[in-house]
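Reviewing the structure listed below.
Residue numbers (our numbering): 67 to 318.
Below, the structure written as structure tokens:
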């Protein structure tokens with residue numbers, strides 16, 4: 067967000083790297099066993115379906131709108147002496163790090179309702195993130211939330227603490243993008259948290275040709291992290307075997 071050139075490089079049209087894919091920009095409203103319906107009136111037939119709706123997203127649709135959003139945020143950062151960041155997950159921590167790295171003179175306050183930053187990873191990594199931010203003079207307030215309905219520039223935490231900030235960024239979690247699924251064929255596949263129940267192959271339970279990925283599923287982040295680490299170990303072991311085989315070939 068503090069580097070506009072990065073926004074320009076990362077905001078690209080899907081058609082540029084998916085030239086043979088038909089892109090439908092619309093809200094999905096219903097799903098049957100072989101068809102997806104959209105709010106634009108499109109009916110898209112499928113043999114296999116992947117649901118990846120994640121969280122509710124209100125970001126701009128076009129590239130120019132996205133870049134304007136980043137430019138506006140960057141202008142606000144540059145003009146502000148004090149900045150409040152709400153949420154100590156990956157987005158909030160990364161944003162705080164980016165701002166303090168590029169604008170070390172800014173007064174940054176990060177408020178997180180949890181007991182530690184980056185709660186989805188190990189406590190040691192959370193502590194490292196906290197130590198790095200505080201070493202850069204970022205004020206981190208844990209175990210509190212922020213009331214955003216107060217007067218402009220004045221914010222109050224759940225414990226009654228007052229924070230003065232010229233601008234703020236809400237980096238708290240967005241609602242899951244699953245509300246539309248309750249009236250579809252997936253009504254019986256949603257758990258109590260409104261996530262799709264999937265098996266270890268990410269196949270939606272009860273369906274053979276429908277899969278779900280990302281935050282919409284009931285698989286925890288820790289499972290994906292553990293799976294990724296296991297994959298890295300497998301790759302490293304395979305690499306060691308290849309190197310060992312190469313050495314044996316060279317000595318013959």
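Using N, Cα and C, we set each Cβ at its ideal position, and we do this for glycine too.
Discussion item. Check this for me: beta carbons of residue 122 and residue 271, under 8 Å apart or not?
Written reply: Here residue 122 corresponds to residue number 56 of the chain shown, with the count starting at 1. Here residue 271 corresponds to residue number 205 of the chain shown, with the count starting at 1. Cβ distance not < 8 Å, so residue 122 and residue 271 don't count as in contact.
Worksheet item: Can you name, in chain order, every residue of its own chain whose Cβ lies under 7 Å from the Cβ of residue 98, other than the five neighbours on each side?
Response: As a working mapping, residue 98 is identified with position 32 in the chain shown. These residues qualify, in order along the chain: 251.
Worksheet item: Anyone know if the C-beta pair for residue 132 and residue 141 falls short of 8 Å?
Response: Position 66 of the chain shown, counted from the start, is the residue given in the question as residue 132. Position 75 of the chain shown, counted from the start, is the residue given in the question as residue 141. Taking 8 Å as the Cβ cut-off, residue 132 and residue 141 do not qualify as a contacting pair.
Worksheet item: Considering only residues of the same chain and omitting the five flanking positions on each side of residue 207, which have a CB-CB separation below 6 Å?
Response: Position 141 of the chain shown, counted from the first residue, corresponds to residue 207. 177, listed in sequence order.
Worksheet entry | Residue interval of the alpha helix (DSSP H) (run including residue 130) | Along the chain shown, read from residue 1 onward, the residue named residue 130 stands at position 64. Note, residue 130: alpha helix (DSSP H), 129-145.
Worksheet entry | At least three beta-carbon pairs within less than 8 Å, the region 224-235 to the region 134-150 | yes
Discussion item. On a Cα-Cα basis, can you pick out the residue from 109, 152 and 158 that is closest to residue 222?
Written reply: Counted from its first residue, the chain shown places residue 222 at position 156. That would be 152, whose Cα lies nearest to the Cα of residue 222.
Item to complete: Confirm, please, whether the CB-CB distance from residue 267 to residue 113 is below 8 Å.
Response: In the chain shown, the residue the question calls residue 113 occupies position 47. In the chain shown, the residue the question calls residue 267 occupies position 201. It is not a contact, given that the beta carbons lie outside the stated cut-off.
Practice prompt. Return the CA-CA distance between residue 260 and residue 171, expressed in angstroms with no decimal places.
Written response: As a position in the chain shown, residue 260 is number 194, starting the count at 1. As a position in the chain shown, residue 171 is number 105, starting the count at 1. Each residue's Cα considered, the two are about 43 Å apart.
Fill in: residue 204 in three-state terms, based on DSSP
Residue 204 sits at position 138 when you count from the first residue of the chain shown. Here residue 204 sits in coil by DSSP.
Worksheet item: How is the alpha helix (DSSP H) around residue 83 delimited, first residue to last?
Response: Within the chain shown, numbered from 1, the residue matching residue 83 stands at position 17. Looking at the DSSP string, the run of the alpha helix (DSSP H) that includes residue 83 is 80-83.
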